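Going by UniProt numbering, the sequence shown runs without a break in its numbering and finishes at 125. No residue lacks a Cβ here, since even glycine has one placed at the ideal position from N, Cα and C. Predicted model only: the values in this text are computed from it and were never measured.
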Amino acid sequence: MLTNHQLTNIFFGLIIYSSLSFLFIYNRSTMSILSVNFKVYGIVQGVFFRKYTLNQAKMLELKGWVRNEYDGTVVGIMQGQPNKIEMMKKWLSTEGSPHSRIDYCEFTQEKWLTEPEFQTFEITR
């Protein structure tokens, strides 16, 4: 048989566990915007890759930016609904602009946000 002290510990343990579970679920549900950094390698400069990326991002209602790097890559940040981020990941990895050749694409620094950090999607320099 359990003592009053043991029952009290079990009771408060359940309350704390329930509270933490609720906070985790609540926190996850309020953070519905996904932010992802990307870097695209291949022939992606001088082929209107940024312009096509801008158009695709706007079509998917994403926020963020895209720019050319000195090493010949294209980098950026995209933020939006997770399903649309996945669509953009696929587009960046396999389609791009008509004259581009994508060797590979890196996606890093995925994080959840409560709201986008950018108002629009734009080409930066």
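{"Asked": "Would you mind working out which of TYR70, THR3 and ILE43 sits nearest LEU92, comparing C-alpha positions?", "Found": "ILE43"}
{"Asked": "Suppose contacts are defined by Cβ-Cβ distances below 7 Å. Is LEU62 in contact with PHE118 by that definition?", "Found": "no"}
{"Asked": "What does the Cβ neighbour count give for LEU23, buried or exposed, with the cut at 16 atoms within 10 Å?", "Found": "Because LEU23 carries a pLDDT of 49, less than 50, the predicted location of this residue cannot be relied on, and the following value inherits that uncertainty. Label assigned to LEU23: exposed."}
{"Asked": "Anyone know if the C-beta pair for HIS32 and GLN79 falls short of 7 Å?", "Found": "Strictly speaking, residue 32 in this sequence is Ser, with His absent from that position. For SER32 and GLN79, no; Cβs fall outside 7 Å."}
{"Asked": "Using 8 Å as the threshold, is the stretch 96-112 in touch with the stretch 57-72, meaning 3 or more CB pairs across them?", "Found": "no"}
{"Asked": "Report the three-state DSSP secondary structure of TYR70 (helix, strand or coil).", "Found": "coil"}
{"Asked": "PHE118 lies in the beta strand (DSSP E); which residues open and close that run?", "Found": "Element bounds for PHE118: n/a, residue is neither H nor E."}
{"Asked": "Just how far apart, CA to CA, sit residue 176 and GLN81?", "Found": "Examination of residue 176 is not possible in this model, given that the chain is present from 1 through 125 alone."}
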